[in-house]
Every structure is written in structure tokens, then in C-alpha cells.
Amino acid sequence: MKKTILLAFMLLGCCTFSQSTRLVINNYSSYNLVGRLIAGSPTVANAYLIAAPNTPGSYTVPALMTDIQYTSFDTSGLSTLPIYNWYLAAGMFPYNDPAVSALVPVSEWATFYFQTKDNAGNSYEDFRIGNPAISSGIGFTSSSYQLGSYSEAEWFDIGGYTYLQVY
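Under this note's numbering, the residues of the sequence shown are numbered 31 to 197, in order.
Given below as C-alpha cells:
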């Protein structure tokens, strides 16, 4: 009986917290990161999410902004850099919509396609950084490390956290 109860609680825990990693973004560079933050599932068709724009019009991580954390897609509006809406295959939905919550168990943080820009809006470099296994499964390409002329970016996982760091 104890084993059955323990197994039931473990299964419940897996279902409740099935998105396996939190995303932490650290922008140590002097550039704004402007682009598309994408999450998805390489095993379920059309199960991907794209972060809707924040100010000034694209998903933007301001220069020198660190320790931005997203616990899950359906709590992303509560972050220090909130994502209030997500684009799904069926349209745009608020972060706490059941359609977004339904993708939490099958999706992971995949990639961030971005340009480095100064405060005047001048572009310097393009990056496609992310988890190549997940991003390629949803039709995007990325690498886990890129070195540019002005900055560099890396994407890695440690202990239940996915990190995106730009220097």
C-alpha cells in the first residue's frame, strides 16, 4: 500500500511539474537583445510558443539586465521581465490561458533568435542560440554557443535550469 501511495504522489508530481527546466536570462552585454524567444516540443506537432512583444515592440532583454527567470510558460507574466502573451499555432493567448498551460507538459525552452542593438536601435550582430536538439525538432536552427565581433552568447542546462547568457 505504501508503494502504491508513493507511486501515485510521484506521478502527480511529474504531471504537475512536467516542464523540466526554468529559464534564466543574463544579459551582461551593453546591448539590448531584440528577437524571438521560442519554446517547443520536438515530439508533438505544432506544440511551440513564441514570446509576444514587450516594450519597445519585440521580445527585448535590456542591456545589463540579469537574473530574469521564467519558471514556466503559464507563469511568465509574473517575471521581472514579464511575457504577458504567447503566440501559439492557433493565435495569441495570455500567459495564464489554458491553451498555454496545456503546452507546459510537452514543451521546453528551445531557442532565442535575436539581434544585439544599442539604445539608438542600431543592429550589431545576429544570434541563433538555444538547444539544437529541441529547436531543430520544431523547425528552427540554433547552436549552444556563438561568438560574435562585439559579444558572445551561450545556452546551457544545469540542475533543472536552462541558462541564456550574453557577454
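Backbone N, C-alpha and C define an ideal beta-carbon position, used for all residues, glycine too.
Query raised in the report: Taking the runs of the beta strand (DSSP E) that are 3 residues or longer, which of them lie wholly in the segment 48 to 120?
Result: DSSP runs (the beta strand (DSSP E)) wholly in the segment 48 to 120: 52 to 57, 62 to 70, 78 to 81, 89 to 91, 98 to 100 and 115 to 118.
Query raised in the report: Quick one: what's got a C-beta closer than 6 Å to Ser-179's C-beta in the same chain, skipping five residues either side?
Result: Take Ser-179, set aside five residues on each side of it, and no residue of its chain has a beta-carbon closer than 6 Å to its own.
Query raised in the report: Just to confirm, are Thr-141 and Ser-102 a CB contact at a threshold of 7 Å?
Result: With a cutoff of 7 Å on beta-carbon distance, Thr-141 and Ser-102 are scored as not near each other.
**Report entry** Beta-carbon gap between Tyr-117 and Ser-109 smaller than 7 Å
**Finding:** For the pair Tyr-117 and Ser-109, the CB atoms are not nearer than the 7 Å cut-off.
Report task. Less than 8 Å between the CB atoms is what I'm expecting for Phe-213 and Ala-120, so what's the real figure, rounded? Result -> The structure shown does not extend to residue 213, since the chain is modelled only from 31 through 197, so no value can be given for it.
Query raised in the report: Across which residues does DSSP place Tyr-175 in a beta bridge pair?
Result: Paired residues: Glu-184.
Query - Whole-angstrom distance between Pro-135 and Cys-44, CA atom to CA atom - result: Legend: pLDDT at Cys-44 = 40, less than 50; position of this residue unreliable, no value from coordinates given.
Query raised in the report: Apart from the five residues just before and just after Asn-126, which ones in its own chain have a Cβ nearer than 7 Å to its Cβ?
Result: Answer for Asn-126: Asp-104 and Gly-107, listed in chain order.
Requested in this report: Identify the continuous beta strand (DSSP E) that holds Ser-137 and give its terminal residues.
Outcome: It is not in any beta strand (DSSP E) - Ser-137 carries neither H nor E in the DSSP assignment.
Query - Whole-angstrom distance between Thr-96 and Asp-148, CA atom to CA atom - result: Taking the straight line from one Cα to the other gives about 17 Å.
Requested in this report: Give a yes or no on whether the C-beta atoms belonging to Tyr-193 and Val-54 are separated by under 7 Å.
Outcome: In this structure, Tyr-193 lies near Val-54, with their beta-carbon atoms less than 7 Å apart.
Query raised in the report: For Ile-164, which of helix, strand or coil comes out of DSSP?
Result: Helix.
Report task. Work out the CA separation of Pro-83 and Ile-113 for me, nearest whole Å. Result -> For Ile-113 and Pro-83, the distance between alpha carbons rounds to 8 Å.
Query raised in the report: What span of residues does the alpha helix (DSSP H) with Ala-132 cover, start to end?
Result: Counting along the chain, Ala-132 falls outside any alpha helix (DSSP H), and DSSP gives it neither H nor E.
Requested in this report: Alpha carbon to alpha carbon, how far is Ile-188 from Thr-85? Give it in angstroms, no decimals.
Outcome: Distance between the alpha carbons of Thr-85 and Ile-188 is about 30 Å.
Report task. Report, in whole angstroms, the separation of the C-beta atoms of Val-77 and Ser-137, which I expect to be a contact under 8 Å. Result -> The question names Val, but residue 77 in the sequence shown is Ala. Indeed they touch by this definition, with Cβ atoms about 6 Å apart.
Requested in this report: Starting from the C-beta of Trp-185, find all residues in its chain whose C-beta is less than 6 Å away, skip the five residues before and the five after it, and write them out in chain order.
Outcome: So the list reads Ile-159, Gly-160, Ser-174 and Leu-194, once near-sequence residues are dropped.
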